[in-house]
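Same order as they appear, the protein sequences are chains A and B. At position 218 of the first sequence (counting the first as 1) the number is 223 in the working numbering, and the numbers step up by one without a gap. At position 68 of the second sequence (counting the first as 1) the number is 358 in the working numbering, and the numbers step up by one without a gap.
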Amino acid sequence: MVVHELLAETVPGYREARLEAEATTRRAVAEAIPRTTPITLQTVVHVVYNRDEENISDAQIESQLAVLNRDFRARNEDRTQVPDVWTSLVADPLIEFELIETTRTHTDERSFGADDSVKRVVKPHPGRLNVWVCTLAGGLLGYAQFPGGPAKTDGVVVLNRAFGTTGTAAAPFDGGRTTVHEVGHWLGLRHIWGDRNDCTGDDFVADTPRAQQANTGRPTFPHITCDNGPHGDMFMNYMDYVDDAAMFMFTAGQVARMNATLEGPRKP
Amino acid sequence: MSRWWLEDAREDELRFRPESLPAPPARGRRTLELHEDGSFTALAPGPDDRPKQTDELDEFYVAELADDQLTLKRGPRLP
Ligand SMILES: [Zn+2]
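Structure representation (structure tokens):
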């Protein structure tokens, strides 16, 4: 049920392409002229279903687009819960999403693993943000592909029960934030603890504090790790692992990195 | 034959359920592959959220094993 290693690492040229994408992104961050007008990502949603209830409604898809268009414009009302010490870091990514197509495909598979297999059922549309919505095994909420990966698997995959805010979306993942998190990865963002649990991890963003490991559930502020007191982990960041209702901000540094991705490896 | 286990709770003890039981969605869940000889391989979400082999649970050992629950406790594994 679980893939033992990243399949992508076995794809010829993958490492080189990913390293090149990272280098381009860092150059663009260094040279960036902040963008002042919104950019629109043309988005295709691929619903892949076995049981009828997995064939989610247009309303559920629209509810997810509404969350993306709210959170990637920093218009989410819950951003007022950001602790005072970090309110000056809250930034508007100036990214908007236009749903240009929805595909619906029946499958005999009851669930998919994190192995890109759902992307073979329906192929991505080139040059778009592709979002597959399906049932994932093992209670997995979703997974992403970073810039520089193979075109035939490019996009994000999200569990149908964690997609949007209505229909089959179920608490505590019914705030549409799984897709916000996965699109963050797709735009080059890393987890705020830097994917190492020993305080040496780096998310390649300067304004997010070091953190020891993922936070889950609904933590209380401050949660101190890695000598990061007095304010501790920025667990309310979209790139941590807390519940949907507990994440509500991107920082200016993260926005710069996403914009660099859009200027570089994901230039429309 | 190895068996797969999904993380249920993370406290002083870590609890896992067999993959044959329904698992509620969870963000950041870890999984274990329990080998026939009693050793295990742990997976945790990687940088893109795909499960990936991890050494995060190297300091834990299998303290209890029942049909519906596996419990890890912190402590050295037997050599
Ligand atoms: Zn992630």
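Every residue gets a Cβ at the ideal spot worked out from N, C-alpha and C, and that includes glycine.
Among the options, the one whose alpha carbon lies nearest that of residue i
i: D203(A); options: E354(B), P369(B), E346(B) and A316(B); result: E346(B)
i: F306(B); options: G144(A), S93(A) and R31(A); result: G144(A)
i: P366(B); options: D357(B), S329(B), L355(B) and A316(B); result: S329(B)
i: G132(A); options: L146(A), G160(A) and L164(A); result: G160(A)
i: P214(A); options: T256(A), L164(A), L70(A) and T15(A); result: T256(A)
i: A261(A); options: D212(A), R56(A) and F253(A); result: D212(A)
i: A113(A); options: T140(A), A22(A) and G258(A); result: Residue identity check: residue 113(A) is Asp in the sequence provided, not Ala. Of T140(A), A22(A) and G258(A), the residue nearest in Cα terms is T140(A).
i: M239(A); options: I197(A), T45(A), S122(A) and K272(A); result: I197(A)
i: R271(A); options: Y246(A), A156(A), H236(A) and V16(A); result: A156(A)
i: P370(B); options: P314(B), L360(B), D348(B) and L311(B); result: Because chain B is modelled from 291 through 369, residue 370(B) falls outside the range shown and cannot be assessed.
i: Y351(B); options: P314(B), D298(B) and L322(B); result: L322(B)
i: D338(B); options: D121(A), T92(A), R78(A) and F151(A); result: F151(A)
i: R293(B); options: D302(B), L304(B) and P308(B); result: P308(B)
i: G199(A); options: V210(A), W191(A) and I100(A); result: V210(A)
i: Y246(A); options: G189(A), V50(A) and Q65(A); result: G189(A)
i: Y148(A); options: N55(A), D232(A), L267(A) and E187(A); result: E187(A)
i: R320(B); options: P341(B), E303(B) and A356(B); result: P341(B)
i: P315(B); options: A265(A), D248(A) and T266(A); result: D248(A)
i: N264(A); options: V138(A), V126(A) and A37(A); result: A37(A)
i: D83(A); options: A250(A), L134(A), G154(A) and T30(A); result: A250(A)
i: S116(A); options: F102(A), V162(A) and E25(A); result: V162(A)
i: E106(A); options: V49(A), T45(A), I229(A) and T230(A); result: V49(A)
i: P19(A); options: G153(A), A167(A) and D57(A); result: Position check: residue 19(A) holds Tyr in this sequence, whereas Pro was assumed. Closest by alpha carbon: G153(A).
i: T266(A); options: V16(A), P17(A) and L24(A); result: L24(A)
i: T92(A); options: I100(A), A28(A), A79(A) and E101(A); result: A79(A)
i: D357(B); options: E303(B), L304(B) and L311(B); result: L311(B)
i: E27(A); options: L194(A), P235(A), I229(A) and G234(A); result: L194(A)
i: I100(A); options: P227(A), W191(A), G234(A) and A167(A); result: W191(A)
i: P273(A); options: T45(A), T30(A), T225(A) and A35(A); result: T45(A)
i: I66(A); options: T30(A), A167(A) and V127(A); result: A167(A)
Residue i (DSSP reduced to helix, strand or coil)
i: R128(A); result: First, the residue type needs correcting, since residue 128(A) is Lys and not Arg in the sequence shown. Coil.
i: G153(A); result: coil
i: G147(A); result: strand
i: N167(A); result: Here residue 167(A) turns out to be Ala, not Asn, going by the sequence shown. Here A167(A) sits in helix by DSSP.
i: D298(B); result: strand
i: L324(B); result: strand
i: E349(B); result: coil
i: Q47(A); result: strand
i: M252(A); result: coil
i: R31(A); result: helix
i: V188(A); result: helix
i: W137(A); result: strand
i: Q343(B); result: strand
i: E303(B); result: strand
i: G258(A); result: helix
i: V247(A); result: strand
i: L275(A); result: This structure leaves residue 275(A) out entirely; chain A is present only between 6 and 273.
i: N264(A); result: helix
i: L333(B); result: strand
i: L24(A); result: helix
i: V53(A); result: strand
i: V161(A); result: strand
i: V123(A); result: helix
i: L194(A); result: coil
i: V90(A); result: helix
i: E82(A); result: helix
i: R223(A); result: coil
i: V7(A); result: For V7(A), the pLDDT reaches just 41, beneath the cut-off of 50, and the residue's location in the model is therefore unreliable, leaving the point undetermined.
Cutoff 8 Å; reference residue i; Cβ partners in own chain excluding five residues on either side
i: Q385(B); result: Since the displayed chain B opens at 291 and closes at 369, residue 385(B) lies outside it and no answer follows.
i: S68(A); result: G169, T170, T171, G172, A174 and G181
i: R122(A); result: Strictly speaking, residue 122(A) in this sequence is Ser, with Arg absent from that position. Excluding positions up to five away in sequence, the list reads E114.
i: N165(A); result: V52, Y54, E59, I61, V138, C139, T140 and T173
Residues of its chain near residue i, where Cβ-Cβ distance is below 7 Å and the 5 sequence neighbours each way are ignored
i: M291(B); result: E326
i: M6(A); result: Note on M6(A): pLDDT 37, under 50, position unreliable in the model; the coordinate value appears next. If we look at M6(A) and ignore the five residues flanking it on each side, its Cβ neighbours are G118, A142 and G143.
i: V185(A); result: V72, L73, D76 and Y243
i: N81(A); result: R75 and F253
i: G318(B); result: P335
i: C231(A); result: C204, R215, A216 and Q217
i: E264(B); result: A question about residue 264(B) goes unanswered here, because the residues of chain B that appear run from 291 up to 369.
Cut-off 6 Å between Cβ atoms - residues of its own chain near residue i, not counting five sequence neighbours on either side
i: L360(B); result: W295 and F306
i: E268(A); result: A33
i: L70(A); result: F102 and L104
i: K124(A); result: T158
i: A22(A); result: G153
Closer than 8 Å to chain C by CB, residue i
i: L296(B); result: Among the protein chains of the structure shown, namely A and B, there is no chain C.
Margin query: If contact is defined by three or more beta carbon pairs under 8 Å, each pair taking one atom from either stretch, is the stretch 37-47 of chain A in contact with the stretch 81-96 of chain A?
Written below: no
Next item on the list: State whether the stretch 52-63 of chain A contacts the stretch 216-226 of chain A, with contact taken as three or more CB pairs (one from each stretch) at a distance under 8 Å.
Entry: no
Item checked: Segment contact flag, the stretch 204-211 of chain A with the stretch 73-88 of chain A, C-beta cutoff 8 Å, min 3 pairs -> no
Next item on the list: List in chain order the residues whose CB is within less than 6 Å of at least one heavy atom of ligand 1.
Entry: H186(A), H190(A), H196(A) and D339(B)
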